[in-house]
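This report refers to the structure that appears directly beneath it.
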Ligand SMILES: Cc1cc2nc3c(=O)[nH]c(=O)nc-3n(C[C@H](O)[C@H](O)[C@H](O)COP(=O)(O)OP(=O)(O)OC[C@H]3O[C@@H](n4cnc5c(N)ncnc54)[C@H](O)[C@@H]3O)c2cc1C
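Residue numbers (this note's numbering): 95 to 589.
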C-alpha cells in the first residue's frame, strides 16, 4: 500500500473527464487522489449530449442506472435555412446499438457530475480534495511530485504518485507544466449560450435539435431534459458579447420562439468556441486528457465525449503499468490512438460550424447523403483509432465488441472487468489455465461458459478474440493451427 500522501495516480480536475477516469482507475483497485480547484460543481451551461459509446463507459463504472433517470433519448438534428427549408435531416432512430444503448442522449452536465462523485465516494482507496488548486508538477523519473494549495491554508502541500493525469480543462496547468502548446485547427467564434426553464406547457418548441443556418445570426436550439431548453447564438464581429449577454438582448433574440411569460432564464454564458489539439499528450509519467488535450466547437456535442473516450483508453493502460511495471510503448499508444480519433471529430464539427454559419458546404461530413426523395440525410461519424497497439494486418483490430445480452438478461459488460479478456471457442482444445474456470469473470471466457458469444465469433469468422477493457478488439485468432503462438504474442496483456 502506498504511504500517506503517496498514490498510484493523482487526477487533477474533477470534471467529466477526471470523474470518469478516477472511477475507472478506482474500479481497477488503484489508489487515487483527485485534486479539484473548485469547492462546488461548475454551474454554467455546458454539455447536453452524449452517445452510446459514452453510456457504455458509464455502465462500466456503474452509474448508468442512476443517470438514466436524468436522461432523454435524443431524436436528432435538423439544419434549416432562414426560410425554414430543411437543408439536412439527421435523425437518431430509437434503436439499441452494438454498444447496448441508444445512439444519442440529452442530459444536464451537473447531474452527470453528481453521479460520478457519488460513485467515487464508495471507494476507500479514493481521496478527493476539493478547493485544491494544483500549482506544481515535477516528474522525477520513477514518481511524480504534485504541489497544491488548498483554500484557507497558507502552505502548499505535496503529494507523490506513480502517474499524474491532468483533466484540468482548457487552461490546463498540467499542460503548461509539461511545456506543451495547443495547435489551433482554425475554428474560433464567440457565441452566447442560454439555458431556459419553461414555466408554461403552452409553448410549442421542436423535439429535435435545430441548427439555424442563418448567415445573419447562426444559432442552435436544443430540446433538453424536462423543462430545460438551450439556445446558442453567434456574436457578430461588430457586436459586443457582453451587450448580447444582457437579459434584454437575450429576450429579443428569443422573441420568435418564447418570452419571459412562459420561460425563466436559468443560466447564460459567453464562450469562444475553438478547435485545437495539444501537440503532446504525455511526457514521462504525466498525461493530459479531455479539454486539456483537445478543444472543439460544440455543434456535434462531442467535446466531453472525447474526454470520456480518453479516460477509457488511458485508464486500463495505467492500471497495467501500475501492476506490471512501467511500459513506455503501451502508454505511448494513448496519444497515437486517441489523437486521430478526436481530430476527425474536431474537423467534422468545425466544418459543421461553417455550414451553420452559411460559409461552408453541405458535404461537411462524409456521412451526409442524398435520399431518393431529394432530401439530404446524415449518419453519425465513427472515427477509428490511430495506430497504436495490435497488428495493423488484423482486419478486426480495434473493432468495437458488441455489448452482448446474456441469457439471464444481464449484459456481457457487467462481467467484463477492467482487464483484457480472451473469448475463445470451446472448439480450441489447448486453452491455457490463466484464469479459465467456471467463473465468468475469468480472464478467458469460452463459448461453453457463455454460449451467447458463439454467434459473435461466427459472425466475425474467428475462433478467438482478445478484447481490450475499452471494448475494442486487440487481436483475433482465425482458427486452425497457431493458437499457442497467438497466445504467446499476447500473453503479456493476459498475465
Ligand atoms: C456551450 C457548450 C456546450 C457543450 N456541449 C457539449 C455536448 O453537448 N456534448 C459534449 O460531449 N461536450 C459538450 N461541450 C464540451 C464539454 O463541456 C467539455 O468538453 C467538457 O466539460 C470537458 O470536460 P473536462 O473534464 O475535460 O474539463 P472541465 O469540465 O473543464 O473540468 C476541468 C476541471 O479541472 C479543474 N481544474 C482546473 N485547473 C485546476 C487546477 N490547477 N487544480 C485543480 N483543479 C483544476 C476545474 O475546476 C474543473 O473542475 C460543450 C461545451 C460548451 C462550452
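Virtual Cβ for every residue (Gly too), placed ideally from N, Cα, C.
Proximity of residue i and residue j at Cβ, strictly below 9 Å
{"i": "residue 251", "j": "residue 244", "result": "yes"}
{"i": "residue 398", "j": "residue 110", "result": "yes"}
{"i": "residue 171", "j": "residue 188", "result": "no"}
{"i": "residue 380", "j": "residue 272", "result": "yes"}
{"i": "residue 448", "j": "residue 281", "result": "yes"}
{"i": "residue 430", "j": "residue 480", "result": "yes"}
{"i": "residue 472", "j": "residue 183", "result": "yes"}
{"i": "residue 428", "j": "residue 411", "result": "yes"}
{"i": "residue 553", "j": "residue 391", "result": "no"}
{"i": "residue 403", "j": "residue 432", "result": "yes"}
{"i": "residue 362", "j": "residue 297", "result": "no"}
{"i": "residue 258", "j": "residue 105", "result": "yes"}
{"i": "residue 455", "j": "residue 569", "result": "no"}
{"i": "residue 339", "j": "residue 368", "result": "no"}
DSSP state of residue i mapped onto helix, strand, coil
{"i": "residue 377", "result": "strand"}
{"i": "residue 307", "result": "coil"}
{"i": "residue 217", "result": "coil"}
{"i": "residue 458", "result": "coil"}
{"i": "residue 477", "result": "coil"}
{"i": "residue 427", "result": "helix"}
{"i": "residue 519", "result": "coil"}
{"i": "residue 532", "result": "Confidence in residue 532 is poor, its pLDDT being 36 and thus under 50, which makes the residue's placement unreliable; the coordinate value appears in the next sentence. Reduced to three states, the DSSP call for residue 532 is coil."}
{"i": "residue 261", "result": "coil"}
{"i": "residue 576", "result": "coil"}
{"i": "residue 208", "result": "helix"}
{"i": "residue 439", "result": "helix"}
{"i": "residue 418", "result": "helix"}
{"i": "residue 198", "result": "strand"}
{"i": "residue 362", "result": "strand"}
{"i": "residue 148", "result": "helix"}
{"i": "residue 345", "result": "helix"}
{"i": "residue 170", "result": "strand"}
{"i": "residue 660", "result": "A query on residue 660 cannot be resolved here, the shown segment of the chain reaching from 95 to 589 and no further."}
{"i": "residue 141", "result": "coil"}
{"i": "residue 336", "result": "helix"}
{"i": "residue 288", "result": "strand"}
{"i": "residue 385", "result": "helix"}
{"i": "residue 444", "result": "helix"}
{"i": "residue 494", "result": "strand"}
Burial state of residue i, where buried means 16 or more other Cβ atoms lie within 10 Å
{"i": "residue 532", "result": "Residue placement at residue 532 is flagged as unreliable, the pLDDT there being 36, under the threshold of 50; the coordinate-derived value follows with that caveat. With fewer than 16 Cβ atoms within 10 Å of its Cβ, residue 532 is classed as exposed."}
{"i": "residue 326", "result": "buried"}
{"i": "residue 274", "result": "buried"}
{"i": "residue 365", "result": "buried"}
{"i": "residue 103", "result": "buried"}
{"i": "residue 585", "result": "exposed"}
{"i": "residue 528", "result": "Note that residue 528 scores a pLDDT of 47, beneath 50, so its modelled location is shaky; the value from the coordinates is reported in the next line. It counts as exposed."}
Sequence-distant residues of its chain with Cβ nearer than 6 Å to residue i (five each side left out)
{"i": "residue 96", "result": "With a pLDDT of 42 at residue 96, under the threshold of 50, the modelled position of this residue cannot be trusted; read the value that follows with caution. Cβ within range, chain order: 125."}
{"i": "residue 221", "result": "127"}
{"i": "residue 278", "result": "370"}
{"i": "residue 122", "result": "413 and 512"}
{"i": "residue 160", "result": "209"}
{"i": "residue 99", "result": "253"}
{"i": "residue 316", "result": "142, 303 and 324"}
{"i": "residue 377", "result": "272"}
Closer than 8 Å: residue i CB and nearest ligand 1 heavy atom
{"i": "residue 463", "result": "no"}
{"i": "residue 161", "result": "no"}
{"i": "residue 556", "result": "no"}
{"i": "residue 287", "result": "yes"}
{"i": "residue 401", "result": "yes"}
{"i": "residue 436", "result": "no"}
{"i": "residue 398", "result": "yes"}
{"i": "residue 136", "result": "yes"}
{"i": "residue 143", "result": "yes"}
{"i": "residue 203", "result": "yes"}
{"i": "residue 306", "result": "no"}
{"i": "residue 146", "result": "no"}
{"i": "residue 428", "result": "no"}
{"i": "residue 477", "result": "no"}
{"i": "residue 359", "result": "no"}
Contact set for residue i: own chain, Cβ-Cβ below 8 Å, skip 5 residues either direction
{"i": "residue 534", "result": "For residue 534, the pLDDT reaches just 40, beneath the cut-off of 50, and the residue's location in the model is therefore unreliable, although a value from the coordinates is still provided. For residue 534, where only same-chain residues beyond five positions count, the Cβ hits under 8 Å are 509, 543 and 544."}
{"i": "residue 207", "result": "108, 109, 110, 113, 135 and 136"}
{"i": "residue 353", "result": "345"}
Cβ-based neighbour list, residue i, same chain, cut-off 7 Å, excluding 5 preceding and 5 following
{"i": "residue 175", "result": "181 and 307"}
{"i": "residue 499", "result": "505"}
{"i": "residue 515", "result": "537, 539 and 561"}
{"i": "residue 196", "result": "146, 167, 188 and 190"}
{"i": "residue 462", "result": "182, 456, 470 and 472"}
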